[in-house]
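Undergrad:
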DNA sequence: CAGGCCCAAGACGTTGCGAG
DNA sequence: CTCGCAACGTCTTGGGCCTG
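In full-length UniProt numbering, the protein residues as written are 1 to 277.
(1) Using the Cα positions of residue 233 and residue 217, report the straight-line distance between them to the nearest angstrom.
(2) Would you list the one or two residues that DSSP bridges to residue 50?
(3) Which class does residue 86 belong to by DSSP, given the choice of helix, strand or coil?
(4) With a floor of 3 residues, list each beta strand (DSSP E) that falls wholly inside the region 241-273, ordered by position along the chain.
(5) Where does residue 60 fall in DSSP's three states?
(6) Keeping to the same chain, check which residues put their C-beta closer than 7 Å to that of residue 254; ignore five residues upstream and five downstream.
(7) Mind checking which residues open and close the alpha helix (DSSP H) that includes residue 203?
(8) Can you tell which of 219, 209, 207 has the C-alpha that lies nearest to the C-alpha of residue 182?
(9) Unbroken beta strand (DSSP E) runs of length 3 or more, entirely within the region 100-144: which are they?
(10) Leaving out five residues on either side along the sequence, give the residues of the same chain with a beta carbon under 6 Å from the beta carbon of residue 31.
(11) In terms of residue numbering, what span does the alpha helix (DSSP H) encompassing residue 185 cover?
(12) For my contact list, residue 123 and residue 44 are in at a C-beta cut-off of 8 Å; report their separation, rounded to the angstrom.
(13) Within its chain, find whatever has a CB closer than 6 Å to the CB of residue 204; leave out the 5 residues flanking it on each side and keep chain order.
(14) Which residues does DSSP list as the beta-bridge partners of residue 33?
(15) Excluding five sequence neighbours on each side, which residues of the same chain lie with their C-beta closer than 6 Å to the C-beta of residue 243?
(16) Residue 199 to residue 86, Cα distance in whole Å?
(17) Suppose you measure from the CA of residue 146 to the CA of residue 231; what does that come to, to the nearest Å?
(18) From the DSSP output, read off the bridge partner residues of residue 232.
(19) Quick check on residue 68: does DSSP put it in helix, strand or coil?
(20) One question on the structure: do residue 214 and residue 172 come within less than 8 Å of each other, judged by their Cβ atoms?
What follows is the structure, given as structure tokens:
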């Protein structure tokens with residue numbers, strides 16, 4: 001399955017984003033784009049290619065008047081080698097950090113250019129055959145990126161991370177994908193084989209926040225994305241983000257963002273409308 | 001009716017301290 | 001470095017009430 005879309009001057013459109021079970025690739029052709037993903041904000045320049053891992057909420061906003069980019073949603077299918085969530089985060093940070101990111105692999109640039117012309121010319125909508133070819137190209141890109149990231153992680157590290165550091169990173173990645181499920185400190189302790197109180201200490205030492213605070217921020221950021229990108233009720237969003245009580249969700253949201261969920265949604269819609277004018 | 005706000009109570013997380 | 005304990009603080013939940 002593949003679905004592509006190109007946006008030119010998207011300030012005439014609403015903010016884009018949402019959550020879905022497919023891989024999504026986002027490529028900036030011109031202008032500046034801001035991406036909210038995994039609790040982080042990525043500032044993207046032209047030629048940035050972003051990997052959005054399946055089932056992760058994301059929101060894209062154009063920052064410049066002249067702006068064009070394309071995105072493609074695809075079902076990578078089984079047996080296809082794709083970057084994992086941690087690798088996707090590393091890749092996206094690199095894309096965001098470098099003004100013009102260069103990957104030393106001719107097939108990468110060629111494939112990206114081919115896909116960009118296919119999407120911009122509208123040839124993918126013309127035939128099923130073209131879409132199938134493009135889907136293979138997308139898989140090729142994912143494979144190239146994964147190979148590059150694998151090579152990098154195989155390289156000897158300057159300092160070996162301790163078992164505690166590894167446990168914290170594992171736990172962070174785990175929470176990033178499982179944030180919508182009930183997750184207690186006891187369960188985290190079982191996952192990492194560390195004593196609960198010690199786990200909090202090492203987690204805070206590595207990340208600067210406690211596990212509960214990190215989980216809370218993931219859930220609230222996901223909720224904010226849902227509020228601006230969907231028409232789901234506040235209660236439904238609370239449930240989808242791992243909250244079992246709408247009361248507590250509403251209270252936490254207001255504490256974090258300064259306004260209640262519904263008011264926040266109104267304000268975001270207002271910002272989108274103003275951008276249209 | 002959906003959503004926001006307040007309150008109370010129990011559950012759970014966090015921290016300080018000490019020990020192996 | 002890791003764990004255990006106790007005290008304290010915060011989170012979480014459910015109920016009730018109010019508002020638009």
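Glycine included, every Cβ here is placed at the ideal spot set by N, Cα and C.
TA: On the basis of the data shown:
(1) The residue you call residue 233 lines up with position 233 of the first chain. The residue you call residue 217 lines up with position 217 of the first chain. When rounded, the distance between both Cα atoms is 20 Å.
(2) Reading the first chain from its first residue, position 50 is the one you call residue 50. Paired residues: 26.
(3) On the first chain, residue 86 is found 86 positions in, with the first residue counted as 1. Residue 86 falls in the helix class under three-state DSSP.
(4) none
(5) For the purposes of this step, residue 60 is identified with residue 60 of the first chain, where counting begins at 1. Here residue 60 sits in strand by DSSP.
(6) Sequence index remark: in the first chain, residue 254 carries index 254 (1-based). If we look at residue 254 and ignore the five residues flanking it on each side, its Cβ neighbours are 260.
(7) The count along the first chain starts at 1 and reaches residue 203 at position 203. Start and end: 196-207.
(8) Here residue 182 refers to the residue found at position 182 of the first chain. Looking at the Cα atoms, 219 is the closest of the given residues.
(9) none
(10) Taking the first chain and counting its residues from 1, the one referred to as residue 31 is at position 31. Within the same chain, residue 31 has close Cβ partners 64, 66, 67.
(11) Taking the first chain and counting its residues from 1, one reaches residue 185 at position 185. Segment 185-192, the alpha helix (DSSP H) holding residue 185.
(12) Working through the first chain from its first residue, we reach residue 123 at position 123. Working through the first chain from its first residue, we reach residue 44 at position 44. With 8 Å as the limit, residue 123 and residue 44 do not qualify as a contact, their Cβ atoms being about 25 Å apart.
(13) Counted from its first residue, the first chain places residue 204 at position 204. Only 210 meet the Cβ criterion.
(14) Along the first chain, read from residue 1 onward, the residue named residue 33 stands at position 33. Its beta-bridge partners are 44, 62.
(15) For the purposes of this step, residue 243 is taken as the residue at position 243 of the first chain. Hits under 6 Å: 249.
(16) Mapped onto the first chain, residue 199 falls at position 199. Mapped onto the first chain, residue 86 falls at position 86. Rounded to whole angstroms, residue 199 to residue 86 spans 21 Å at the Cα level.
(17) As a working note, residue 146 is residue 146 in the first chain. As a working note, residue 231 is residue 231 in the first chain. Taking the straight line joining both Cα atoms gives about 35 Å.
(18) The sequence position of residue 232 within the first chain is 232, counting from 1. Answer by DSSP bridge pairing: none, since residue 232 is not bridged.
(19) For the purposes of this step, residue 68 is identified with residue 68 of the first chain, where counting begins at 1. Here residue 68 sits in strand by DSSP.
(20) Stepping through the first chain from its first residue, residue 214 is reached at position 214. Stepping through the first chain from its first residue, residue 172 is reached at position 172. Yes. Within cutoff.
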